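Under the working numbering, the first residue of the sequence shown is numbered 1, with each subsequent residue one higher.
Glycine is no exception: its CB is placed at the ideal position from the N, C-alpha and C atoms.
None of the values given here were measured: they were computed from a predicted structure.
One structure below.
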Amino acid sequence: MRTGIIPDRCIGCLLLPFLFTSVVKAQEPDTTRVIELGSITVNASYNQLVNRRSALQLEIADSRFMREHFSGNLMQTLQYIPGVRSMDIGSGFSKPVIRGMGFNRISVLENGIKQEGQQWGADRGLEIDAFNAERVVIRKGPASLLYGSDAMGGTIEILPLPPPVDNQFFGEGVILAKSANASIGGSVMLGIKKENWYTKLRYSEQQYGDYRIPADTVVYLTQKLPIHGKKLKNTAGYERNVSLYSEYNRSRHNLKYAISNAYQKAGFFPGAHGVPDASRLEDDGNSRNIDLLYSTVNHFKATVNQQYRQEYFTLLLDVGYQNNHREELSRFHTHYGNQTPPETDPDKELAFTLNTFSTSAKIRLHNSPGWEHTFGWDTQYQQNRMSGYSFLLPRFNRFTTGMFWFTNWHAGNTVTFSGGIRYDYGKVDISPYKDSYLETYLAEKGYDQEIIRAYEWRSYAVNRNFGDLSASIGIVWKPAYNHLFKANIGRSFRLPGANELASNGVHHSAFRHEQGDPNLSSEKGWQLDVSYTWEQERLSITISPFLSWFENYIYLQPTGTWSILPHAGQIYRYSGAETLFAGTELAVRFAITNRFSYDFTGEYLYTYNHTERIPLAFSSPASMRNTFTWKWKNGQAYTELESIAAQNRIARNELATPGAHVLHAGVSLNIPVTTGPIEVSLSGRK
Numbered sequence: 001m002r003t004g005i006i007p008d009r010c011i012g013c014l015l016l017p018f019l020f021t022s023v024v025k026a027q028e029p030d031t032t033r034v035i036e037l038g039s040i041t042v043n044a045s046y047n048q049l050v051n052r053r054s055a056l057q058l059e060i061a062d063s064r065f066m067r068e069h070f071s072g073n074l075m076q077t078l079q080y081i082p083g084v085r086s087m088d089i090g091s092g093f094s095k096p097v098i099r100g101m102g103f104n105r106i107s108v109l110e111n112g113i114k115q116e117g118q119q120w121g122a123d124r125g126l127e128i129d130a131f132n133a134e135r136v137v138i139r140k141g142p143a144s145l146l147y148g149s150d151a152m153g154g155t156i157e158i159l160p161l162p163p164p165v166d167n168q169f170f171g172e173g174v175i176l177a178k179s180a181n182a183s184i185g186g187s188v189m190l191g192i193k194k195e196n197w198y199t200k201l202r203y204s205e206q207q208y209g210d211y212r213i214p215a216d217t218v219v220y221l222t223q224k225l226p227i228h229g230k231k232l233k234n235t236a237g238y239e240r241n242v243s244l245y246s247e248y249n250r251s252r253h254n255l256k257y258a259i260s261n262a263y264q265k266a267g268f269f270p271g272a273h274g275v276p277d278a279s280r281l282e283d284d285g286n287s288r289n290i291d292l293l294y295s296t297v298n299h300f301k302a303t304v305n306q307q308y309r310q311e312y313f314t315l316l317l318d319v320g321y322q323n324n325h326r327e328e329l330s331r332f333h334t335h336y337g338n339q340t341p342p343e344t345d346p347d348k349e350l351a352f353t354l355n356t357f358s359t360s361a362k363i364r365l366h367n368s369p370g371w372e373h374t375f376g377w378d379t380q381y382q383q384n385r386m387s388g389y390s391f392l393l394p395r396f397n398r399f400t401t402g403m404f405w406f407t408n409w410h411a412g413n414t415v416t417f418s419g420g421i422r423y424d425y426g427k428v429d430i431s432p433y434k435d436s437y438l439e440t441y442l443a444e445k446g447y448d449q450e451i452i453r454a455y456e457w458r459s460y461a462v463n464r465n466f467g468d469l470s471a472s473i474g475i476v477w478k479p480a481y482n483h484l485f486k487a488n489i490g491r492s493f494r495l496p497g498a499n500e501l502a503s504n505g506v507h508h509s510a511f512r513h514e515q516g517d518p519n520l521s522s523e524k525g526w527q528l529d530v531s532y533t534w535e536q537e538r539l540s541i542t543i544s545p546f547l548s549w550f551e552n553y554i555y556l557q558p559t560g561t562w563s564i565l566p567h568a569g570q571i572y573r574y575s576g577a578e579t580l581f582a583g584t585e586l587a588v589r590f591a592i593t594n595r596f597s598y599d600f601t602g603e604y605l606y607t608y609n610h611t612e613r614i615p616l617a618f619s620s621p622a623s624m625r626n627t628f629t630w631k632w633k634n635g636q637a638y639t640e641l642e643s644i645a646a647q648n649r650i651a652r653n654e655l656a657t658p659g660a661h662v663l664h665a666g667v668s669l670n671i672p673v674t675t676g677p678i679e680v681s682l683s684g685r686k
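Structure representation (structure tokens):
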């Protein structure tokens, strides 16, 4: 199975999560809203109400969905939603992919602030506590208008549950275990609601051992290597997360504070750096130790959200600060005879420290019948610093700001029109970096001066300004109670990232030499999203076709040229091209009886690089899920067949992937006790 870039390694592995929840007093609200119109009562789920107000295709993972699909990893939990994939690398890192787009094209927001880390790399996870994700809203398609240039592929917004109505003290405990990597983890939350204040504190931890795979050999750079005991050596790790959330509500004013710190440490497979040999892959007898090579990531975040409501307008202000510090540690080694170990931290191969300051101000006007206007202004400043005896990405400063106007017009009870426009400005200042060790190495190898000059400057000085417009217009039409039609067309753009402009080195955990291009232009394109939903009492069908055309889509192009850097492999170069994305998603739900139901979800993605006249690299294959669920008073059981098609539409110098079938099954029980419910879940896949 291919998920954007990284193949799924879980086929043939058994997943055994065990969840325990104890709540002193339930804090979750009813997910059904009741609206009274005279003597008429209309019942609608929160998902349905929100979808009727947005021209974009929305998916809402409420607390029940998060519990039923929880895996200890946020993106692996959300990949049960059509069009959403989890790009996995290692045991603890996952990234979101929506309709084939990932990395800096998907904005992940928590408490109103975009999560900012080293998301440009496939081996960089979200660094968000999955236990703390209570409700998630996923917007598919062009969301640049409201969330800036990094949201051209969609957004994933993590929201807290509303506070309980009554004063109370409450808590929650969760235990999780998985067999694929002998993982065990848990989370404890304590909270209090007292008058206008609502506060909760959570601590979560997960530890896992070397990852099991259904193979005893792997191929690296055409070399076949043994995997002893079908375990990837030194892929153990752990993560620890702590967060504090507080909310104050009084009359027209709402104030929210959130502080969190996420820490991860994970080992690298010995073949991740350099050319591995059989001796380095021999079993060391300990599947839970973490040796060099390994990485550590610490993500600190503090946010403040304020909302002030009046009869005719609402003011919103979000402010955030983030510090993301990542290190890759490997015993000092050099391919250059004149490079000596650093005096301090001699095993620090790479380190990145990214500081991000964010603000967002909005005013919503709702002073006229049927109309609602939103004006917003976002700013962000980033400072990235690097260190270590190796090189991949240079120092840079990045500033972006954008202003937008968005409006909704409710033309009666059946039609809603929406549209808006946005302008973004960005400035990036990248420092140059000359590798004198590499210069000497290439000269000793006999390379001519032209090649030496091309390689010795690992990063050129880049000081560029970018600016462009985003716009969209959409319609939501509900001609009858069981029909819902939505369409949205938008123009979006994205500023190129520092890695796309200036990276030049071996990205070890991705097994390739990545090169940026300082002359790249911004990504620009048009995107069309359409969806139609038909609902009856027991049957609902939703089909969502989409089409995206980019005049300049930035992608990693396999060049077919081998790098002259030692142990580097093939060069992948960031390039711009005219590209096409097209596809569709289908979701069918049929309640066979009051307790027995059938769900089908399917998705298909077609990509085409018009410049090269080939498909885009790392394109996701078609897939579908057939799920049968049986529910009773205190529990449910399900069985699911996931089918992934072979991917033979590949880019030049890319390998095809075969199809696969994965069988999922699970059962959950809700045991009522005097202190609150206990929920036990067991699931597996093969």
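Pick from the options that is closest to residue i, judged by C-alpha positions
i: G229; options: D210, W197, S246; result: D210
i: I156; options: S149, I98, L201; result: I98
i: S71; options: G186, M152, V165; result: G186
i: G306; options: L315, N298, Y245; result: Note that residue 306 is Gln in the sequence shown, not Gly. Here the closest residue by C-alpha is L315.
i: R212; options: F269, L292, F352; result: F269
i: A480; options: N626, L663, E535; result: E535
i: A266; options: N286, G320, E327; result: E327
i: P688; options: T359, N488, L329, S149; result: Absent from the structure is residue 688, since the part of the chain shown begins at 1 and ends at 686.
i: L109; options: R649, R135, T334, P432; result: R135
i: G320; options: D284, F357, Y312, Q339; result: F357
i: R512; options: F399, E654, G474, S459; result: E654
i: D283; options: Q119, Q207, P226; result: P226
i: Q339; options: L161, Y441, R280; result: Y441
Residue environment, residue i, which counts as buried when at least 16 other CB atoms sit within 10 Å
i: E116; result: buried
i: F596; result: exposed
i: C10; result: Per-residue confidence for C10 stands at a pLDDT of 41, beneath the threshold of 50, marking its modelled position as unreliable; no derived number is given.
i: V42; result: Confidence at V42 is low in this model, with a pLDDT of 44, below 50, so the placement of that residue is unreliable and no value is reported for it.
i: A404; result: The question names Ala, but residue 404 is Phe in the sequence shown. With 16 or more Cβ atoms within 10 Å of its Cβ, F404 is classed as buried.
i: N482; result: exposed
i: S668; result: buried
i: T303; result: buried
i: H687; result: The requested residue 687 is not part of the displayed model; the chain covers only 1 to 686.
i: K362; result: buried
i: I128; result: buried
i: V673; result: exposed
i: P142; result: buried
i: V34; result: Low confidence applies to V34: its pLDDT is 44, below 50, so where it sits in the model is not reliable, and the reading given next is rough at best. Exposed, because fewer than 16 other Cβ atoms sit within 10 Å of the Cβ of V34.
i: I81; result: buried
Cβ distance (whole Å) where residue i is taken to contact residue j below 8 angstroms
i: F466; j: Y532; result: Incorrect: roughly 37 angstroms between the Cβ atoms, too far for contact.
i: D468; j: D424; result: 6 angstroms
i: I571; j: Y455; result: Not quite, the Cβ-Cβ distance comes to about 11 angstroms (not below 8 angstroms), so this is no contact.
i: V415; j: W371; result: About 14 angstroms separates the two Cβ atoms, so there is no contact after all.
i: F332; j: L393; result: About 20 angstroms separates the two Cβ atoms, so there is no contact after all.
i: E514; j: S503; result: 5 angstroms
i: G560; j: R652; result: 7 angstroms
i: Y336; j: Y437; result: 4 angstroms
i: N234; j: D291; result: 5 angstroms
i: S94; j: Q76; result: 6 angstroms
i: N413; j: A55; result: Contact doesn't hold; Cβ gap of about 17 angstroms is too wide.
In DSSP terms, what residue i is bridged to
i: A637; result: W630, V667
i: Q306; result: L255, L317
i: F103; result: Paired residue(s): none; F103 is not in a bridge.
i: V415; result: A411, W477
i: L232; result: Y211
i: S63; result: DSSP, once it has assigned bridges, lists no residue as partnering S63.
i: L176; result: G185
Test item: CB-CB of residue i and residue j under 7 angstroms
i: Y163; j: K194; result: It should be noted that the sequence gives Pro, not Tyr, for residue 163. Taking 7 angstroms as the Cβ cut-off, P163 and K194 do not qualify as a contacting pair.
i: E500; j: G516; result: yes
i: L145; j: R422; result: yes
i: G125; j: F581; result: no
i: A498; j: I430; result: yes
i: N111; j: D150; result: no
i: Y257; j: S243; result: no
i: L365; j: S390; result: no
i: E523; j: N552; result: yes
i: E439; j: I452; result: yes
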